[in-house]
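All residue numbers for the sequence shown refer to the numbering used here, where the first residue is 3 and numbers rise by one.
Just so it is clear, CB atoms sit at the ideal spot from N, CA and C, and this is done for glycine as well.
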Amino acid sequence: MRTGMLVFAAGVFSATFLPERPPEHFLWLALFLLPALLYKSIRIPTLYLLGIAWFVIYIHVFGPPALTDDLEGQTLTVTGQVVSIPDTDQRRSRFDFNVHQISEPVSNWQGTVRISWYRPGHAVHAGQVWQLKVKLKKPHGFMNPGGFDYEAWLLQQGISATGYVRQPETASLKSQTITLDSLRETLGSSIRQQLQTSPFSALLIALTTGDRQYIEQSQWYTLTRTGTSHLIAISGLHIGLVYGLLYWLGRWLWSRSATLCLHRPAQDIGILAGLIAAFIYAALAGFAIPTQRALIMLGVIALALLSRRTPSPMHTLLMALTAVLLIDPLSILATGFWLSFAAVAIIWLAIQRQQSQALSRTRQLVHIQLAIAVGMLPLTALFFNQVSVTAPLANLIAVPWISLTVTPLALIGAVLSPVWTDASRLVFILSESLLEMLWPLLEYAGQSSASVIHVENPGPITLIIATAGIAWLFMNKTRWRWMGLLTFLPLFFSRPDISCNGCFQVDFLDVGQGQATVIRTRHHVLLYDTGPRFSADFDTGERVILPYLWHQGISKIDQLIVTHDDRDHAGGLDSILDGIPVQTLMISPGSEHS
Numbered sequence: 003m004r005t006g007m008l009v010f011a012a013g014v015f016s017a018t019f020l021p022e023r024p025p026e027h028f029l030w031l032a033l034f035l036l037p038a039l040l041y042k043s044i045r046i047p048t049l050y051l052l053g054i055a056w057f058v059i060y061i062h063v064f065g066p067p068a069l070t071d072d073l074e075g076q077t078l079t080v081t082g083q084v085v086s087i088p089d090t091d092q093r094r095s096r097f098d099f100n101v102h103q104i105s106e107p108v109s110n111w112q113g114t115v116r117i118s119w120y121r122p123g124h125a126v127h128a129g130q131v132w133q134l135k136v137k138l139k140k141p142h143g144f145m146n147p148g149g150f151d152y153e154a155w156l157l158q159q160g161i162s163a164t165g166y167v168r169q170p171e172t173a174s175l176k177s178q179t180i181t182l183d184s185l186r187e188t189l190g191s192s193i194r195q196q197l198q199t200s201p202f203s204a205l206l207i208a209l210t211t212g213d214r215q216y217i218e219q220s221q222w223y224t225l226t227r228t229g230t231s232h233l234i235a236i237s238g239l240h241i242g243l244v245y246g247l248l249y250w251l252g253r254w255l256w257s258r259s260a261t262l263c264l265h266r267p268a269q270d271i272g273i274l275a276g277l278i279a280a281f282i283y284a285a286l287a288g289f290a291i292p293t294q295r296a297l298i299m300l301g302v303i304a305l306a307l308l309s310r311r312t313p314s315p316m317h318t319l320l321m322a323l324t325a326v327l328l329i330d331p332l333s334i335l336a337t338g339f340w341l342s343f344a345a346v347a348i349i350w351l352a353i354q355r356q357q358s359q360a361l362s363r364t365r366q367l368v369h370i371q372l373a374i375a376v377g378m379l380p381l382t383a384l385f386f387n388q389v390s391v392t393a394p395l396a397n398l399i400a401v402p403w404i405s406l407t408v409t410p411l412a413l414i415g416a417v418l419s420p421v422w423t424d425a426s427r428l429v430f431i432l433s434e435s436l437l438e439m440l441w442p443l444l445e446y447a448g449q450s451s452a453s454v455i456h457v458e459n460p461g462p463i464t465l466i467i468a469t470a471g472i473a474w475l476f477m478n479k480t481r482w483r484w485m486g487l488l489t490f491l492p493l494f495f496s497r498p499d500i501s502c503n504g505c506f507q508v509d510f511l512d513v514g515q516g517q518a519t520v521i522r523t524r525h526h527v528l529l530y531d532t533g534p535r536f537s538a539d540f541d542t543g544e545r546v547i548l549p550y551l552w553h554q555g556i557s558k559i560d561q562l563i564v565t566h567d568d569r570d571h572a573g574g575l576d577s578i579l580d581g582i583p584v585q586t587l588m589i590s591p592g593s594e595h596s
């Protein structure tokens, strides 16, 4: 059974490499494959093909409908509802918009689109129903090695198109309804009002509602460099924490009565209480994809416990993996999918090793944190092209501090907010104070240039070798198990792409309107222009060029040339200078950077 679940998952993963959406008649493949499961001799290859077929079926039946060609690039009059908390700044408001009707030109197309409304004359809130004139286009992201796959992310979020509001003076607010997102937005606004000018209110809003738009760039910088950004994104850690706390509380309260325990075991009540609490917290986070994944995993574990079965941890993890892929196969496109399942597997392996050793609680926590830091190295290098040196120590302090003090208090404040504002404010202030106490330690850990090591994107062979090393490290009980660490060495050594003297390579990066060109020889790197800056929080230097350079294993630029001080050519310059050593900078006279 374990092999079958792994093979099915491999089939789903293989489907992500299809160059385009297969035609609908491909769906009939699944009907022909199902009877083949009855034959044991071909069951394994059948499960692999079923994994591919299920991914395709899901996209066609449950995935976001593709924007039709006749609607793309046209000015459309649409009516729909705001189905996300708007991300608003001085320049624009961006939100997800569920299109109910297209009245001009008349069309039956419906779907969710991501809309940018520049300088809106109205306040946009979740739950509002608007009639807008918009121009839409099919999803498109920058296509560069090492860059963020925006198209895959939009597909996973169920978004069919992106666009912007035209003729904003014609916008008409039709109604305002109470939705889950509008309640989350109200809670976030309440936290900001109660904490007023506190720089940590944004982090508490993120912990309670999942809305991270108010987190400052400097705060993201600290969290990223210390490997603690996962503590602010509501995910399996937070859902599991809430489940555990309410499981313990529900079990303890029920066990106070012998009569109640005769009717139902206290453990069952604890499991149900934990699941209900986890569901409510996931709702507060807007049922974001990571929280859905965590709920499914908890549900599988809870069913196993309620049925009085005791499957092995790895078998339970495989069942959760299969359940997640059956419910939402698109989740395999998310980085968090791989990180969360890998982290849980590593934690269980570490706990199994500790069962044969008499260790104190503190040493157990240290061992688990070190196991996560070492075991996650290959995936961290693959997805982020960097390794945080300070992450093990930072997480050893921050995980229990935020999980056991800051987050529970923030959630208590959120519960009290609608009914007892004064008490809610006191609880939020206490939670904010605890976070403020931790923050200087994180800033100190992340401020050194040596706190992060940028590594080249590992190839398949390097990943396989490193994964084998992890298995050897955790599953081998001899003193030679530490030899598994040697398999990590290839992660930290770049391989030169230019192997001959006199040869060079030119890469024209996709930066939209603008230019960024990388010229490489065997020993030198030249960057010609730095692409555009789109907003105060988005420029191609940070989002495109630096990830590309790190992906290629480039740790410094020998010469940087900026042709002229125009936003399309020099927009990413500041991020480049902050993010990577530049030996020589050449820029036109009169530039603000000259």
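For residue j and residue i, the rounded distance between their alpha carbons
i: G190; j: D213; result: 8 angstroms
i: S231; j: L225; result: 5 angstroms
i: L437; j: R310; result: 40 angstroms
i: D330; j: L319; result: 16 angstroms
i: Q269; j: S342; result: 26 angstroms
i: Q219; j: P201; result: 12 angstroms
i: L308; j: Y166; result: 50 angstroms
i: L69; j: G514; result: 21 angstroms
i: R93; j: Q215; result: 14 angstroms
i: A322; j: I291; result: 15 angstroms
i: V101; j: V115; result: 7 angstroms
i: T565; j: V244; result: 54 angstroms
i: G404; j: I104; result: According to the sequence provided, residue 404 is Ile. The question's Gly does not apply to it. When rounded, the distance between both Cα atoms is 46 angstroms.
Local Cβ density within 10 Å of residue i, reported as buried at 16 or more and exposed below that
i: D72; result: exposed
i: P462; result: exposed
i: E106; result: exposed
i: D91; result: exposed
i: G75; result: exposed
i: V63; result: exposed
i: H456; result: buried
i: Y41; result: exposed
i: F34; result: exposed
i: L67; result: One point to set straight first is that residue 67 is Pro, not Leu, in the sequence displayed. Exposed, since its Cβ has fewer than 16 Cβ neighbours within 10 Å.
i: W256; result: buried
i: R481; result: exposed
i: I334; result: buried
Selection from the options that minimises the alpha carbon distance to residue i
i: A280; options: Y50, T293 and I271; result: T293
i: S162; options: T181, L138 and I466; result: L138
i: G288; options: A235, W132, L308 and G272; result: A235
i: W552; options: T70, F476, A572 and P147; result: P147
i: W30; options: M588, A55, T409 and L323; result: A55
i: R524; options: G555, Q517, I547 and Y550; result: G555
i: V417; options: A345, L440, Y283 and L444; result: Y283
i: S109; options: R96, L78, R121 and V84; result: L78
i: W350; options: I370, T423, L300 and G65; result: I370
Endpoints, alpha helix (DSSP H) assigned at residue i
i: S220; result: Q219 to R227
i: Y550; result: L548 to H553
i: T210; result: S203 to T211
i: S191; result: L182 to L197
i: G238; result: G238 to S257
i: D570; result: R569 to A572
i: V417; result: T409 to L418
i: V520; result: Here V520 belongs to no alpha helix (DSSP H); instead the beta strand (DSSP E) covers T519 to R522.
i: S309; result: No alpha helix (DSSP H) contains S309, which DSSP labels as neither H nor E.
Same chain only: Cβ atoms within 8 angstroms of residue i, ignoring 5 sequence neighbours per side
i: T519; result: V508, D509, F510, L511, L529, Y530 and D531
i: W222; result: S231
i: W484; result: L475
Endpoints, beta strand (DSSP E) assigned at residue i
i: Y120; result: G113 to Y120
i: T5; result: Segment R4 to A17 is the alpha helix (DSSP H) holding T5; no beta strand (DSSP E) there.
i: N100; result: R94 to E106
i: V391; result: Run containing V391: none; DSSP gives neither H nor E here.
i: V167; result: A163 to R168
i: D531; result: Unbroken run through D531: none, as it is neither H nor E.
i: D509; result: Q507 to F510
i: H456; result: V454 to H456
Contacts around residue i, its chain only, beta-carbon distance under 6 angstroms, and the 5 residues preceding and following it disregarded
i: G448; result: T224, R227 and T228
i: A296; result: G238 and I241
i: Q388; result: V454 and H456
i: G581; result: L548
i: T337; result: F385
Residues near residue i by beta carbon distance below 7 angstroms, same chain, minus five either side
i: L20; result: none
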